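Student: My questions all concern the structure below.
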Amino acid sequence: MPSFPGVDFLDFDSLLSDEEKLARQTARQFVDDAIMPIIEQYNREGKFPVQLVPQMADLGLFGASLKGYGCAGMSNVEYGLVTQELERGDSGLRSFVSVQSALVMYPIHAFGSDAQKDKWLPLLQQGKAIGCFGLTEPQFGSNPGGMLARAVKKGDSYILNGEKMWITNGSISDVAVIWAKTEDDKIRGFLVEKGTPGYKAWDVHGKYSLRASVTSGLAMTDCKIPAENLLPGVEGLKGPLSCLNQARYGIGWGGIGAAMACYDTALTYAKQRKQFDNKPIASHQLVQEKLVWMITEITKAQFLALQVGRLKDKGRVHPSHISMMKMNNVWVARESASRAREILGANGIVDDYCVMRHMNNIESVYTYEGTHDIHKLIIGERITGISAF
Ligand code: TGC
Ligand code: FAD
Numbered sequence: 283m284p285s286f287p288g289v290d291f292l293d294f295d296s297l298l299s300d301e302e303k304l305a306r307q308t309a310r311q312f313v314d315d316a317i318m319p320i321i322e323q324y325n326r327e328g329k330f331p332v333q334l335v336p337q338m339a340d341l342g343l344f345g346a347s348l349k350g351y352g353c354a355g356m357s358n359v360e361y362g363l364v365t366q367e368l369e370r371g372d373s374g375l376r377s378f379v380s381v382q383s384a385l386v387m388y389p390i391h392a393f394g395s396d397a398q399k400d401k402w403l404p405l406l407q408q409g410k411a412i413g414c415f416g417l418t419e420p421q422f423g424s425n426p427g428g429m430l431a432r433a434v435k436k437g438d439s440y441i442l443n444g445e446k447m448w449i450t451n452g453s454i455s456d457v458a459v460i461w462a463k464t465e466d467d468k469i470r471g472f473l474v475e476k477g478t479p480g481y482k483a484w485d486v487h488g489k490y491s492l493r494a495s496v497t498s499g500l501a502m503t504d505c506k507i508p509a510e511n512l513l514p515g516v517e518g519l520k521g522p523l524s525c526l527n528q529a530r531y532g533i534g535w536g537g538i539g540a541a542m543a544c545y546d547t548a549l550t551y552a553k554q555r556k557q558f559d560n561k562p563i564a565s566h567q568l569v570q571e572k573l574v575w576m577i578t579e580i581t582k583a584q585f586l587a588l589q590v591g592r593l594k595d596k597g598r599v600h601p602s603h604i605s606m607m608k609m610n611n612v613w614v615a616r617e618s619a620s621r622a623r624e625i626l627g628a629n630g631i632v633d634d635y636c637v638m639r640h641m642n643n644i645e646s647v648y649t650y651e652g653t654h655d656i657h658k659l660i661i662g663e664r665i666t667g668i669s670a671f
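Just so we're aligned: 419 in the numbering used here is position 137 of the sequence shown, and the numbers increase by one with no gaps anywhere.
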């Protein structure tokens with residue numbers, strides 16, 4: 283399939299290095315060749331295309347911005363451009379890569395023991411093991427600090443009890459990074475392996491969003507976890523929140539990808555579809571206004587993402603910068619999908635076109651990894667010094 287040409291109104295590409303363009307092109311071609319031909323079918327059937335995992339591993343997409351253990355050692359900008367392309371294909375594919383990379387490999391890399399890193403990072407990087415990240419609980423979403431999951435030390439083990447909800451990849455994971463409070467009320471991370479007695483995963487059905495992604499609930503009943511499966515390098519809420527910084531960053535680029543897919547589809551459609559005197563609908567001012575809104579916001583989102591990426595590469599990014607990027611760029615995707623749907627008229631509601639799939643997916647992306655409004659409050663706290671949660 284010919285490669286997607288990209289969306290570049292303001293010569294954004296002149297700010298990218300050859301390596302950055304190559305990383306994007308590699309992901310772009312993979313999306314066009316391997317994802318686009320099958321994604322509507324998988325979305326319709328509500329299945330994750332698990333057969334793509336080895337191919338994604340071969341392309342170095344897992345843990346791509348980490349160093350060592352076979353990881354590609356990409357810059358943050360390169361990694362961001364990859365997640366942009368994946369989400370242009372489908373948010374579910376980007377979710378898979380985000381969870382595997384930012385929420386499972388990153389905490390093991392940053393906070394794990396040498397034995398944990400040696401055991402899991404090569405397997406996860408090669409796609410021979412799949413991981414998930416259990417922070418959210420049925421009663422604690424935006425406020426994970428209130429979690430009920432508990433780990434009690436008993437000899438050389440921890441006894442883990444609790445429930446996690448809305449967990450991407452939950453039922454297909456070989457290892458789960460589970461966050462729970464120990465007896466001193468501190469949040470700690472545990473590596474819970476598939477097959478641990480008392481550990482159960484089940485799938486959420488009836489989703490209208492992220493249908494090509496596995497979303498699960500997890501239950502842990504008196505799970506005996508060897509003490510060496512505790513992540514030794516971090517305690518407190520800053521552990522899971524620092525993983526979220528990595529994942530939210532990828533999502534900020536991903537939003538651009540979903541918006542690009544909707545814009546490109548709407549622009550092509552508007553130039554072809556004729557109404558009133560056999561004129562293309564693109565010749566009407568009201569239709570042009572929607573397309574102009576999209577290209578303007580996509581362009582602004584690109585420069586925001588690039589600056590956050592450059593700051594991250596220099597070690598100068600603050601979590602509130604990433605919040606602004608996640609909040610803004612996912613909103614741009616949501617609004618672009620809505621406008622593109624209008625331009626496509628009735629055709630906008632069927633899966634001959636990608637628009638409604640993106641529109642539905644973005645509802646999850648708008649909510650997970652900190653809702654749109656939680657990111658507003660993070661930025662609000664940063665500029666006023668006052669917490670309004
Ligand atoms: P607060 O008192 O502000 O902070 C507690 C400790 O954490 C530190 N901290 C951070 N550290 C690293 N990165 C950040 N972004 C951090 N934000 C805060 C903070 O300095 C403090 O450290 P210390 O040493 O003083 O203890 O915590 P709070 O309880 O008031 O909560 C703050 C709030 C609301 C911003 C936080 O809870 C939050 O972000 N809530 C949203 C929850 C969320 O995003 N959940 C995501 C679950 S995972 C998911 O959705 C995966 S989707 C996967 C897919 O892509 O498919
Ligand atoms: P709530 O926290 O109940 O919020 C409901 C509404 O209230 C929101 O609009 C919110 O903005 C608002 N609100 C809450 N508090 C405030 C406040 N203080 N001020 C103003 N407004 C507020 N979690 C994981 O741990 N791992 C995963 O892999 C994972 N994957 C997910 C995949 C999908 C498809 C989805 C949908 C979710 C996933 N999540 C995952 C969970 C996700 O992170 C949570 O849904 C999210 O953090 C919001 O929590 P909640 O749904 O409980 O909403």
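The beta-carbon is built from N, C-alpha and C at its ideal position, and this holds for glycine as well. Source: prediction; values computed, not measured.
Quick check on DSSP: helix, strand or coil for T689?
Tutor: For the chain, the structure presents residues 283 to 671; residue 689 sits outside this window and is missing.
Student: Going by the CB atoms, is the gap between G355 and K349 shorter than 8 Å?
Tutor: Contact flag set, yes.
Student: Would you mind working out which of M609, L304, I469, S495 sits nearest V655, comparing C-alpha positions?
Tutor: Looking at the sequence itself, residue 655 is Asp, so the reference to Val does not match. It is M609.
Student: Measuring alpha carbon to alpha carbon, tell me which residue in S491, D546, Y545, A670 is nearest E327.
Tutor: S491
Student: What do you get for W535, buried or exposed, if any count of 16 or more other CB atoms within 10 angstroms of its CB means buried?
Tutor: buried
Student: How long is the line joining the alpha carbons of A587 and V516, rounded to whole angstroms?
Tutor: 28 Å
Student: Flag this pair as yes or no: are the beta carbons of G539 and Q311 separated by less than 8 Å?
Tutor: no
Student: Shorter than 8 Å from the beta carbon of K446 to some beta carbon of chain B?
Tutor: In the displayed structure, chain B is absent; only one protein chain is listed.
Student: Express the C-alpha separation of A305 and V386 in angstroms, rounding to a whole number.
Tutor: Approximately 22 Å between the Cα atoms of the pair.
Student: Relative to the C-alpha of S285, which residue among D293, F294, I317 is closest?
Tutor: It is I317.
Student: Using alpha carbons as the reference points, say which of I563, M638, E663 lies closest to S605.
Tutor: E663
Student: Would I577 pass as a contact of Y545 if the rule is Cβ separation under 8 Å?
Tutor: By the CB criterion at 8 Å, I577 and Y545 fall inside the cutoff.
Student: Relative to the C-alpha of G591, which candidate in V647, I533, V574, I580 has its C-alpha closest?
Tutor: When the alpha-carbon of G591 is set against those of V647, I533, V574, I580, the nearest one is in I533.
Student: Per DSSP, which residues does S439 bridge with? Please list them.
Tutor: K436, P508
Student: Where DSSP assigns a beta bridge to F472, which residues make up the other side?
Tutor: I460, L512
Student: Starting from the C-beta of L334, find all residues in its chain whose C-beta is less than 8 Å away, skip the five residues before and the five after it, and write them out in chain order.
Tutor: So the list reads A316, I317, L375, once near-sequence residues are dropped.
Student: Could you give the distance in angstroms between the alpha-carbon of G413 and the alpha-carbon of F558?
Tutor: 54 Å
Student: Measuring only the C-alpha atoms, how far is P514 from Q570?
Tutor: 55 Å
Student: Rounded to the nearest angstrom, how far is the Cβ of L368 from that of V359, given a contact under 8 Å?
Tutor: In fact, because the Cβ distance is near 15 Å, the residues do not count as touching under 8 Å.
Student: Please go through the same chain and pick out, in chain order, the residues whose beta-carbon is closer than 6 Å to the beta-carbon of G345, but skip the five residues on each side of it.
Tutor: C353, S383, M387, Q407
Student: From S377 to N560, what does the alpha carbon distance come to, in whole angstroms?
Tutor: 42 Å
Student: In three-state DSSP terms, what is Q421?
Tutor: coil
Student: How about L417 and R470: are their beta carbons less than 8 Å apart?
Tutor: no
Student: When every heavy atom of ligand 2 is checked, does at least one fall within less than 7 Å of the C-beta of F585?
Tutor: no
Student: Which residue's Cα is closest to the Cα of L363: H640, A564, E301, V332?
Tutor: Per the C-alpha coordinates, the member of H640, A564, E301, V332 positioned closest to L363 is E301.
Student: With the cut-off set at 8 Å, would you say N425 and D633 are in Cβ contact?
Tutor: no
Student: Which residue or residues does DSSP assign as beta-bridge partners of E445?
Tutor: A501
Student: When you compare the region 438-452 with the region 521-530, are there three or more beta-carbon pairs, one atom per stretch, that lie closer than 8 Å?
Tutor: No: the two stretches stay apart, fewer than three of their Cβ pairs being nearer than 8 Å.
Student: Closer than 8 Å is the cut-off here; do at least three beta carbon pairs connect the region 562-569 with the region 392-400?
Tutor: At 8 Å Cβ cutoff, the stretches do not touch.
Student: List, from N- to C-terminal side, the beta strand (DSSP E) runs of 3 residues or more that fit wholly inside the region 324-380.
Tutor: none
Student: Determine whether the beta carbon atoms of A458 and R432 lie at a separation below 8 Å.
Tutor: no
Student: Quick check on the DSSP output: the beta strand (DSSP E) that includes K401 runs from which residue to which?
Tutor: Run containing K401: none in the beta strand (DSSP E); it sits in the alpha helix (DSSP H), 396-407.
Student: Looking at Y531 and ligand 1, is the gap between the Cβ and the nearest heavy atom below 7 Å?
Tutor: no
Student: Please confirm whether any heavy atom of ligand 1 lies closer than 7 Å to the CB of L375.
Tutor: no
Student: Considering only the alpha carbon of each residue, which of A552, I580, V486, D456 lies closest to L405?
Tutor: D456
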